[in-house]
Structures are given as structure tokens and as C-alpha cells.
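Okay, so here's the structure we're looking at.
In my numbering, the protein residues as written are 15 to 150.
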């Protein structure tokens, strides 16, 4: 009986070892020594008052003030009335680029405030832009 208990204990302890899977979250490469930083000239724009049906656009200029290539993963507006254009290629440290935000006022009478979320590989990983427009 003691042998059976001993074998059972050995098997149980062998099976209870942690078999953690490797962490799938990529870790920053500490040897690369670089982080991308997106620095905007300004993060808000007020279009003022426009007539319903008009489409207006604004260029938000930014610079990669970090020490690694900046890659924009996704730009997402909180409304279907707002669209964006952004560079698909990596932005080198020191380079300047732009994100164009376009607002379509069709069916949007009144004061509109829209946020645009930018997800990128830098620090912080998310940036926000904001537009305001009064539609009459």
C-alpha cells in the first residue's frame, strides 16, 4: 500500500509542474535602445460653422520625436461621418508627417465634437485628435 501511495505521489507531483506557455506579448527589445514618440503641432481643430452637406478636412501635422521608426497601426474615428488618411510607411526619427481628418456634415446639424484615436508602436501607444464643427 505504501508503494502505491508513493507512486501516486510521484506521478501527481510530476503532473502538477507548471507548463506555462511562452508569453505571446512581444517585449520591447532593450538592445534596440529606441522608442517612437508621436508629437503633434496641435491635437484639436475647430472648423467653425458650416452648412449641412459640406465636407471639411484638416491636416494634423506631427513629428517622430523618438529614437525608433514610428509605425501607425490604426486610425479610428468614433463616427462614420469622420474619415482619416495616414501614412502606411514607417516614419523615421526626426521625420514629419500628417494625418488628414475629414468630416462629412450630411445629416449632422448642430454642434459636433469628434475624437480620432491613433494606435501606433510608440510611447504612449495611443494618441487622440479632436475636431469641432457647428453644422447649420
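Built from N, CA and C at the ideal position, the CB exists for glycine as well.
query	result
Measure how close the beta-carbons of residue 49 and residue 94 come, nearest whole angstrom, since I'm counting them as under 8 Å.	Rounded, the Cβ-Cβ distance is 33 Å, inconsistent with contact.
Keeping to the same chain, check which residues put their C-beta closer than 8 Å to that of residue 142; ignore five residues upstream and five downstream.	57, 129, 130, 131, 132
Looking only at C-alpha atoms, which of 109, 91, 59 sits nearest to residue 53?	109
How big is the Cα-Cα spacing for residue 76 and residue 112?	6 Å
Note down, in chain order, each residue of its chain lying with its Cβ closer than 6 Å to the Cβ of residue 97, except the 5 sequence neighbours on either side.	116
Quick one: residues in its chain with C-beta nearer than 6 Å to the C-beta of residue 86, no 5 flanking neighbours on either side, listed in chain order?	100, 134
Under a Cβ-count criterion, where at least 16 other Cβ atoms within 10 Å of its own Cβ denotes burial, should residue 67 be classed as buried or exposed?	exposed
Taking the C-alpha atoms as reference points, what is the distance between residue 70 and residue 61?	8 Å
Quick check on residue 122: does DSSP put it in helix, strand or coil?	coil
Among residues of its own chain, excluding the 5 on either side of residue 39, which ones have a beta-carbon nearer than 7 Å to its beta-carbon?	Because the pLDDT of residue 39 is 36, which lies under 50, any placement of that residue in the model is unreliable, and the question is left without a value.
Name the residue from 136, 104, 106, 125 whose alpha carbon lies nearest to the alpha carbon of residue 64.	125
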